[in-house]
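**Student:**
There are 2 protein chains.
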Amino acid sequence: MKLSTKGRYAVMAMADLAGHNIDGRAVPLAEISSRQEISLSYLEQLFAKLRRGGLVKSVRGPGGGYRLARPAEETRVADIILAVDEPIAATRCRPGSTKGCTGTGARCVTHDLWEELGRQIHVFLSSVSLADVIEKRVLGRAQPCGTVAENREAA
Amino acid sequence: MKLSTKGRYAVMAMADLAGHNIDGRAVPLAEISSRQEISLSYLEQLFAKLRRGGLVKSVRGPGGGYRLARPAEETRVADIILAVDEPIAATRCRPGSTKGCTGTGARCVTHDLWEELGRQIHVFLSSVSLADVIEKRVLGRAQPCGTVAENREAA
DNA sequence: CAATTCTTGACCAGGTTAGTCAGGAAATAT
DNA sequence: ATATTTCCTGACTAACCTGGTCAAGAATTG
């Protein structure tokens, strides 16, 4: 689960798209570009990946643009980020290491930590749909109550 | 809560330091460099920030190195990342935007999302201490049970 | 039908920023 | 004084973001 600015831009654009495709009309990228202040070229690159990922459908020609492939309630934020960012094969602690913890032995001490954090992020972003974002039903979702966090500083 | 590779390196180095400072000896960066395969120069930059953040103490000269400022049980992973990464003043959705959601009105639709995600990450990483990492007590901490996630695809 | 306009699709080139590393200077213990 | 180690400054690399060009498909208009 890579968490880059590119993923944030993609979610912003998708939220804009979901909010403005009333009665299923196609939304041109030029609109999103002016509203969200993202360059048109960059949006084209992002939506190319989103289309290949099956998250949006494109309609060419006048009156064309992009549409959500599925309703906003079924489009999860995690899917958007995964479609836009590179696959980033497993939590590699060190980018180009040959004998790292990527494939062979569990060498890196922090490997479990990043894997678990990635899972945490993925679970969170999978629980949020585009509809949640545009309806602002996001706040107050954090606070993992089931964890072993025994509140180390307050106690 | 910025989550970059720099923060990961810092945690790896701190975990190594915590694991090898038996009976409070100072650990030179050259050791950590060879063990963790991080360049010495980069480690120096990271530990300079960690020292300013009050997480480690330095001892110069021969036999010198770094020591944890507090025991590993009281050093939280979140503090390490916060010390190393830039403050990243509030969840800025767009880096250099003037009329963005940084200061003025709540313009950006996804602002709440990133803020909540940052909180989620912070809560998680605050619940993990360096001692937890080197003792491998990290797995199985994710799974936010208190959230509103009603399992949208399985149902 | 033919021309025009609107929009995606694919591509490349440049500028900015974060990430990473190398070298040398300052400090301290022996 | 010399070796060891932290500290500081500069340079290189890759990722991010923007801008531009050109082609392809679809609706509108004559």
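Chains A and B, in that order, are what the protein sequence lines are. Per this note's numbering, numbering of the first sequence is gapless, rising by one per residue and ending at 1129. Per this note's numbering, numbering of the second sequence is gapless, rising by one per residue and ending at 1129. Even for Gly, the Cβ is constructed at its ideal location relative to N, Cα and C. Everything numeric in this text was worked out from a predicted model, so none of it was measured.
1. Which residues in chain A sit within 7 Å of aspartate 1086 of chain B, going by Cβ to Cβ distance?
2. For valine 1112 of chain A, collect the residues of the same chain with a Cβ closer than 7 Å to its Cβ; drop the 5 residues on either side in sequence, then sort them by chain order.
3. From the DSSP output, read off the bridge partner residues of tyrosine 1040 of chain A.
4. According to the Cβ coordinates, are leucine 1099 of chain B and alanine 989 of chain B closer than 8 Å?
5. Spell out the partners DSSP gives serine 1015 of chain A in its beta bridges.
6. At the level of alpha carbons, what is the spacing between arginine 999 of chain B and isoleucine 1012 of chain B?
7. Return helix, strand or coil for serine 1100 of chain A, following the three-state DSSP convention.
8. Going by beta-carbon coordinates alone, are alanine 987 of chain B and leucine 1020 of chain B separated by less than 8 Å?
9. Who are the neighbours of isoleucine 1095 of chain B on chain A, taking C-beta pairs under 8 Å?
10. Does leucine 1003 of chain B come within less than 8 Å of chain A when only Cβ atoms are used?
11. Using the beta-carbon of each residue, which ones in chain A are nearer than 7 Å to phenylalanine 1021 of chain B?
12. With distances taken Cα to Cα, identify the nearest neighbour of glycine 993 of chain A among A:Lys980, A:Thr1084, A:Arg1034 and A:Arg1041.
13. With distances taken from CA atoms, which of B:Arg1026, B:His1085, B:Lys1031 and B:His1096 is nearest alanine 1043 of chain B?
14. Would valine 1102 of chain A pass as an interface residue toward chain B - the criterion being a Cβ-Cβ separation below 8 Å?
15. Is there a C-beta anywhere in chain A that falls below 8 Å from the one on leucine 1056 of chain B?
**Tutor:** Taking the structure as given:
1. Lys1110, Val1112 and Leu1113
2. Val1102 and Asp1106
3. A:Val1001 and A:Ser1032
4. no
5. None, per the DSSP bridge assignment.
6. 21 Å
7. helix
8. yes
9. Leu1091, Gln1094 and Ile1095
10. Leucine 1003 of chain B does not count as touching chain A.
11. Near phenylalanine 1021 of chain B there are no residues of chain A at all, since even the closest Cβ is about 17 Å away, more than 7 Å.
12. Nearest to glycine 993 of chain A by alpha-carbon distance, out of A:Lys980, A:Thr1084, A:Arg1034 and A:Arg1041, is A:Arg1041.
13. B:Lys1031
14. yes
15. no
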